[in-house]
Every structure is written in C-alpha cells, then in structure tokens.
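Asker:
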Ligand SMILES: Cc1ncc(COP(=O)(O)O)c(C=O)c1O
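Residue numbers (this note's numbering): 4 to 437.
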C-alpha cells in the first residue's frame, strides 16, 4: 500500500479464547477428542434452551413485522420492558430513551471504546476480559491500564491501588467493572462498589459496569447491579441475552445510560454512541422482539435460578478438588460460569512436561511447547496435547499478572464434569513434579 493502512492499535486486538481453537482443531484432526473448556457458550456445551422460550421465538419468526429494521435504539417494547424491570429494582430510574441496543455486547463494547477521545483511558480489572482490554488498548494504542483483582485475597480489588492509579494517570476518565467477573467469577461486594462510585465522583470519572452475568449469581455475597448504587455519577450498564436465555448466536445486548444529564461531556459522548448506531441503521430485530415475553414470563427467573444452582454445585466440586493441590490458589466463584485457578509463584518452570500418547501430536507440539516462554500457556498447551482438555491461560489470554488458567462450569453431565476436573488436577500434579 502506498500508505500505512493498518490502525496503530490493531496489534492489540487479540482473543486467545478463540485463537486456541485453531490449535485444538489441528490436534483433533490427528485423532485426539477435544473437551472444549475455553468458550463460554452454554448451548455449545449442551445446555438446552427451554421449549417455552423457543415457542416465543417461533411465534416471533412467524410474524412479518419481525423482518423489519427496528428503531436505531432498539424496539420500543423491548426498551420499555427493560426500563420497567430496572426501575422496579430500585436505585436510579431510567426511561426507554436511556437504552441502546447492539448486535451482542461485544458490538457495544467495541463501539464504546471506539467513540472515546483517543487520549482518554478506561482503567479495568486484571485479569481482564479481552474484548474490553483489547478494544481499549486498540483505541488508545497503548497498554491497557489495570487495577488488580487479588487472587490471594478472594479476588478483591485494592481500592488504594485504584485511587493511586487514577492520580498517576490523569488520562483515566472511566473505571470498568465486570460484575460478576469473567474470568474469575468474582462478585464485587456492595461496599466495594460504593467506594468505587465515590472515587468516580471524587475524580470526575464515569463508570462502565459489564453486567452480562448479573442474573447468574449464586454465592453468599449479596449482588447488586451498579444502577442500584450509582446515585448521581454518570455511568453505563451493559447487559445481554447471550448467557441468560442463553442465546449467544442471537447477537443481542444493550447498554443503559445512567445520569446522562449530570455531565455535559458524558451526555455528548452518549449521543455519539447513539449516532454511531444510527449510522449502522439498527441492531438485530428478532431477539429484541421476544425480550418482553421471555423475560416477563413467570417461568423465566425460576429457570435462571435453577441454572445458577447447577453452576454453584459445579463450582463447589471444582473448588474442593483444586484446593487439594497446595501449589494452587483457588477461589470459589460467586457468579458467571467460569473459574480461574492460579499457580503459586515459582511453581511453573520451562522444563515441565506431560506425557503425550499420540505420536503425531507429540511431534506437532514438541516445538510449540519447547519454544513457549509464557509459562501458563506452556502448561495449557501441554494439557491440551496430553488430555485434549482445552482451557485458556490467564497471563496471555486475560492480561493477567499471575500464571493460571480459566475453565468453565458449563458441562451439564456431573460425572463428566468431575472427570474433567480430576483429569486437570492429575495433570497439574504430574506436570509440576516432572
Ligand atoms: C464479560 C463479558 N462481556 C461481554 C461478552 C460478550 O457478549 P455477547 O455475546 O453479547 O457479545 C462476554 C462474552 O463472553 C463476556 O464474558
């Protein structure tokens, strides 16, 4: 090209959760059955969408109006329903005009960062969910600024660190929380959220709260959405149906604006988001059209609650099994359907290995594993080659300071789930003592 056509931040767009799939598929072709523990898609893992939800969708598909464009902000009925649900929960009150639909929350996330002034930064948690961290780093062409979720303290963030970073980086204009968090399953306690809101108020920042898992909580910690405690601070809440219905293939998520009128800049920024969506015309109509009927059905919340019970049970099983390995840091998740396990400092080396039975796989991985410098990625490649279990390394996959890996709590067959966790545990012991 006669000019450089690549965006300077493009190198920051990485999504290891899916990149590892290409490697796993190669060894699948070599005859190794793969156990996909990398992607948070409940349907792919075998969860059945209830027939009554499907019936609402079938009904919508049969109606001619479902094939229309929808308004740029989203269908009025869907936005009215979401605003109604939000408002009866207490806290900040919103109108349908404060809601903007997207083609999945991933779409919302990239638009939120793309529309920020290039010099403005959003600080987010570490480990970091890569759709946020990559989009933020790509927007600013600079490394992601993070605050640590501390695995040695139940994944609690350090509020002093957050304040020090805000002071040290005047370019920070917003704080991201993912609540419940991906990849840790951590849930922010209400008093911690209140302190983060106080910091935002003190330093004139706004907050983004990714709440795609907000109805999937199951721990002993009281869960509150940001809207319940935000008071007068400008903020964006993010939600969607990918994990809840679950219908990830629908590509349907939305953002909620809180306190748009409290700050002129924030109002202009939210208007830029609305205008950007207008340029795209609108988001997918079909999933929006069933939101009021599905979520308003009396079976909806009991159904979601039952799934949470299942996740809790699997989280307890996994926590028990991993806790028996003293070289690991294990925290029971309180929401979402992931769990992250950390290797204590000094446990991993670049000499460890696992037996690889399949000769072709052994040949394929020899160089890949030997050359790999990131020690948790080396472990996850070894686990994949040896057992076919595909998990995601934390350091490279989630921008983490600690070595570890994330797996899902989605396997519906309990005996299979236990077998998977037992196999990972056995492999860890063998790997670290090799
Ligand atoms: C925290 C978080 N936010 C957003 C998304 C993207 O969701 P969607 O399917 O709506 O694009 C995911 C998907 O895994 C997620 O874990």
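Backbone N, C-alpha and C fix where the C-beta goes; we use that ideal spot for every residue, glycine too.
Which residues bound the alpha helix (DSSP H) around residue 55?
Answerer: Here the alpha helix (DSSP H) through residue 55 covers 54–64.
Asker: Under three-state DSSP, which class holds residue 192?
Answerer: Coil.
Asker: In this structure, what does DSSP give as the bridge partners for residue 396?
Answerer: 408, per the DSSP bridge assignment.
Asker: Taking the DSSP output, what are the residues bridged to residue 240?
Answerer: Partner(s): 212 and 259.
Asker: Taking its Cβ as the centre, do 16 or more other Cβ atoms sit within 10 Å of residue 6, making it buried, or is it exposed?
Answerer: Per the 10 Å Cβ criterion, exposed.
Asker: Is the closest heavy atom of ligand 1 to the C-beta of residue 62 under 7 Å?
Answerer: No, since every heavy atom of ligand 1 falls outside the 7 Å radius drawn around the Cβ of residue 62.
Asker: Which residues bound the alpha helix (DSSP H) around residue 296?
Answerer: Here the alpha helix (DSSP H) through residue 296 covers 288–299.
Asker: On the DSSP bridge list, what partners appear for residue 343?
Answerer: Per DSSP, 409.
Asker: Pick out whichever of 204, 29 and 310 has its Cα sitting closest to the Cα of residue 368.
Answerer: Cα-wise, what sits closest to residue 368 is 29.
Asker: Do you know offhand how far residue 338's Cα is from residue 4's?
Answerer: Those two C-alpha atoms are separated by around 48 Å.
Asker: Judging by CA-CA distance, which residue of 86, 103, 105 and 104 is the nearest neighbour of residue 96?
Answerer: Considering only alpha carbons, the answer is 86.
Asker: Using DSSP with H/G/I as helix, E/B as strand and the rest coil, what is residue 124?
Answerer: Correct three-state label for residue 124: strand.
Asker: DSSP puts residue 178 in a beta bridge; with which residues?
Answerer: According to DSSP, which records beta bridges pairwise, residue 178 is partnered with 126 and 210.
Asker: Evaluate contact between the region 142–161 and the region 306–321, counting only Cβ atoms and requiring at least three cross-stretch pairs below 8 Å.
Answerer: The region 142–161 is not in contact with the region 306–321.
Asker: Would you say the beta carbon of residue 84 comes nearer than 7 Å to a heavy atom of ligand 1?
Answerer: No - ligand 1 has no heavy atom lying nearer than 7 Å to the Cβ of residue 84.
Asker: DSSP state of residue 331, grouped into three classes?
Answerer: It is a strand residue.
Asker: Could you check whether residue 404 and residue 185 sit closer than 8 Å to each other, using their CB atoms as the reference points?
Answerer: Not in contact: residue 185 and residue 404 (Cβ atoms no closer than 8 Å).
Asker: Within this structure, are the beta carbons of residue 255 and residue 290 separated by less than 8 Å?
Answerer: Closer than 8 Å, so yes.
Asker: Using 8 Å as the threshold, is the C-beta distance between residue 262 and residue 236 below it?
Answerer: Yes. Within cutoff.
Asker: Run through the DSSP bridge pairs and tell me what residue 183 is partnered with.
Answerer: BP columns for residue 183 are empty, so no partner.
Asker: When every heavy atom of ligand 1 is checked, does at least one fall within less than 7 Å of the C-beta of residue 134?
Answerer: Because some heavy atom of ligand 1 lies under 7 Å away, the Cβ of residue 134 counts as near it: yes.
Asker: Please give the ranges of any beta strand (DSSP E) in the region 25–113, keeping only runs that are unbroken, at least 3 residues long and fully inside the region.
Answerer: Within the region 25–113, the complete beta strand (DSSP E) runs of at least 3 residues are 102–105.
Asker: Is residue 395 buried or exposed, if buried means 16 or more other CB atoms sit within 10 Å of its CB?
Answerer: Buried, by the Cβ-count rule.
Asker: Do the region 59–68 and the region 268–278 make contact, defined as three or more Cβ pairs closer than 8 Å?
Answerer: Touching, no, given that fewer than three Cβ pairs across the two stretches are closer than 8 Å.
Asker: Drop a sphere of 10 angstroms on the beta-carbon of residue 298, count the other beta-carbons inside from all chains shown, and report buried for 16 or more, exposed for fewer.
Answerer: Per the 10 Å Cβ criterion, buried.
Asker: Could you give the distance in angstroms between the alpha-carbon of residue 172 and the alpha-carbon of residue 125?
Answerer: Looking at the two C-alpha atoms, the distance is approximately 10 Å.
Asker: What would DSSP say about residue 159, mapped onto helix, strand or coil?
Answerer: Of the three classes helix, strand and coil, the one that applies to residue 159 here is strand, per DSSP.
Asker: Starting from the Cα of residue 120, find the closest Cα among 282, 142, 111 and 381 and give me that residue.
Answerer: Selected option, being the one with the closest Cα: 142.
Asker: Pull up the CB-CB distance for residue 406 and residue 378, whole angstroms please, since I reckon it's below 8 Å.
Answerer: Their Cβ separation, rounded to whole angstroms, is 5 Å, which keeps residue 406 and residue 378 in contact under 8 Å.
Asker: List the endpoints of the continuous alpha helix (DSSP H) containing residue 324.
Answerer: Segment 303–326, the alpha helix (DSSP H) holding residue 324.
Asker: Residue 38 and residue 392: beta carbons closer than 8 Å?
Answerer: For residue 38 and residue 392, yes; Cβs fall inside 8 Å.
Asker: With distances taken from CA atoms, which of 408, 425, 436 and 174 is nearest residue 187?
Answerer: Out of 408, 425, 436 and 174, 408 has the C-alpha closest to the C-alpha of residue 187.
Asker: I need the boundaries of the beta strand (DSSP E) containing residue 149, first residue and last residue.
Answerer: Segment 149–153, the beta strand (DSSP E) holding residue 149.
Asker: Taking 8 Å as the threshold, find out whether the region 325–345 comes into contact with the region 411–421 through three or more Cβ pairs.
Answerer: Because the criterion of three Cβ pairs below 8 Å is met, the region 325–345 and the region 411–421 touch.
Asker: Who are residue 338's beta bridge partners in DSSP?
Answerer: Paired residue(s): 220.
Asker: Among the candidates 266, 156 and 177, whose CA atom is the shortest distance from the CA of residue 166?
Answerer: Comparing Cα positions, the closest option is 177.
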